[in-house]
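Before any comments, here is the structure.
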Amino acid sequence: MRLYHLADLHLGVDPPGLGRELYRRLVFEKLTEVIEEARREAVKFIIFAGDTFDSNALATSTVLSFLRFLAEARDINFIFLPGGGGDFYGEVSGHDAYGPDSLYRRLEVRSFWERAGNLHLLTPEAPSLVFPEEKVAFYGGFFDYPRAALCEEAIYHVAVLHGAFGERAEFGEKPLSSPQLARYDYLALGHYHRFRKLGPKAAYAGAFLQFEFLPHQDATSGYVVVELKRPAPRLTYRELADAPRFLHLQVLDENDLERLKKLDFERTFVKITAYLAPLETPLLELKKQLPDRLFLAEGAHIEPENLTFYQILERIITDKVPEHYQAEVKELLLYGLKISPQRTKIEKFLQDKYGL
1 MRLYHLADLH LGVDPPGLGR ELYRRLVFEK LTEVIEEARR EAVKFIIFAG DTFDSNALAT
61 STVLSFLRFL AEARDINFIF LPGGGGDFYG EVSGHDAYGP DSLYRRLEVR SFWERAGNLH
121 LLTPEAPSLV FPEEKVAFYG GFFDYPRAAL CEEAIYHVAV LHGAFGERAE FGEKPLSSPQ
181 LARYDYLALG HYHRFRKLGP KAAYAGAFLQ FEFLPHQDAT SGYVVVELKR PAPRLTYREL
241 ADAPRFLHLQ VLDENDLERL KKLDFERTFV KITAYLAPLE TPLLELKKQL PDRLFLAEGA
301 HIEPENLTFY QILERIITDK VPEHYQAEVK ELLLYGLKIS PQRTKIEKFL QDKYGL
């Protein structure tokens, strides 16, 4: 059996340079292509592993327009997991969390859901779904492992989880090596915005359509094609090659500047997180030509004598900060150092503390 695993659509987000409405249209356009591909490949299930909507404050009309769009594809079942669960109302990443104010609880949304036969929602109150004819079942995990018992009618068991999973306990990740997860044939993960395969039976799909600045190698959009089989599924990441790209880059020498100039700015948005002071003039000239494509982070200006300090500070952030916060933490620190009246004392503290 083959299924598609998508995550983190964040409908309603306002990407820099792209805008909320254009992003929404692109999501619908790309999902249309995915649905057509699903029909060609006889795929009956498409998973949305959390954060389908960017906020529980979205207008009901926005939510319903998306659900109507999916409901038209009656031959495909769409499996939804909210971005959070009943025990995680305060979770920072719970954009469409199933809390008291959840958009999924609105009367109009619930009513539509009940009428549409191909839209299915996993919740803490109804954490499992079984499709006896296809012999497959889905189980929701809300920033935790699924708790529902396995459905006897199913041959294949798919866990859909949203949250931080992995082997980095210092970042609050729950281990996927837990015996509780061994019973599932696939773990469809959402929360992190880049594709990551975590072992033979688990993967983060990443953001379906990128909308935030990521390192060059991670700024891809797409979804996971899952072929369920024993002892392990076959996982293929299918990239949306013509999707917009949001990159954060550094311009620390002439080669970096030349690479920046050669990017395809028709579909690329760039945030410069650091640049050397001698390269400021050509960089600002390029920004003038591309005002809605090129952005400079606060504190990105680096004097040559501070380059080594900056590079080691970046290494510390990479080692000590969860990846989804790294860019923001770096920008905050650099800007803070730039405006602080005690910059010299802070730099000395960091040098003494970390041997910079």
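The sequence shown lines up with residues 1 to 356 when you count with full-length UniProt numbering.
Just so it is clear, CB atoms sit at the ideal spot from N, CA and C, and this is done for glycine as well.
Item	Value
Can you say whether A232 is buried or exposed, counting buried as having 16 or more other CB atoms within 10 angstroms of its CB?	exposed
Go through its chain and collect everything with a Cβ distance to G64's Cβ below 8 angstroms, but skip five positions before and after it.	For the record, residue 64 in the displayed sequence is Leu; it is not Gly. Closer than 8 angstroms at the Cβ level, and outside the excluded window around L64, lie E108, V109 and F112.
Do you know offhand how far R115's Cα is from V27's?	24 angstroms
Give the secondary structure of S128 by DSSP, where H, G and I count as helix, E and B as strand, and everything else as coil.	strand
Which whole runs of the alpha helix (DSSP H) in the stretch 11-91 are 4 residues long or more, in chain order?	20-40 and 60-71
Rounded to whole angstroms, what's the CA-CA distance from residue 359 to Q180? Just pull it up for me.	Outside the shown range of the chain, which is 1 to 356, sits residue 359, and nothing can be said about it.
Going by beta-carbon coordinates alone, are T60 and R106 separated by less than 8 angstroms?	yes
Look up L189 in the DSSP assignment and say whether it is helix, strand or coil.	strand
Is it true that the stretch 268-276 meets the stretch 286-297, where meeting means three or more beta-carbon pairs spaced less than 8 angstroms apart?	yes
Measuring CB to CB, does V251 end up less than 8 angstroms from L279?	yes
For the alpha helix (DSSP H) that contains K261, what are its first and last residues?	E254 to K261
Alpha carbon to alpha carbon, how far is A148 from E36? Give it in angstroms, no decimals.	33 angstroms
Note the first and the last residue of the continuous beta strand (DSSP E) segment covering T268.	T268 to L276
Near residue 362, which residues of its chain fall below 8 angstroms by C-beta distance, leaving aside the five closest residues on each side in sequence?	A question about residue 362 goes unanswered here, because the residues of the chain that appear run from 1 up to 356.
Going by DSSP, what residue range makes up the alpha helix (DSSP H) through P109?	The question names Pro, yet the displayed sequence has Val at residue 109. Note, V109: alpha helix (DSSP H), L107 to R115.
Does the contact criterion of 3 or more C-beta pairs under 8 angstroms hold for the stretch 208-223 versus the stretch 159-177?	no
Looking only at C-alpha atoms, which of P100, A243 and I47 sits nearest to D264?	A243
So, under 8 angstroms CB-CB, Y139 and H157 are touching, yes? Tell me the CB distance rounded to an integer number of Å.	7 angstroms
So, is Q75 buried or exposed, given that buried needs 16 or more other C-beta atoms within 10 angstroms?	Per the sequence presented here, residue 75 reads as Asp, with Gln not at that position. Under this definition D75 is an exposed residue.
Apply the 10 Å Cβ neighbour rule to D96 and answer buried if 16 or more other Cβ atoms are within range, or exposed otherwise.	buried
Mind reading off the beta-carbon distance from F48 to F69? Whole number of angstroms is fine, and I expect it under 8 angstroms.	Not quite, the Cβ-Cβ distance comes to about 13 angstroms (not below 8 angstroms), so this is no contact.
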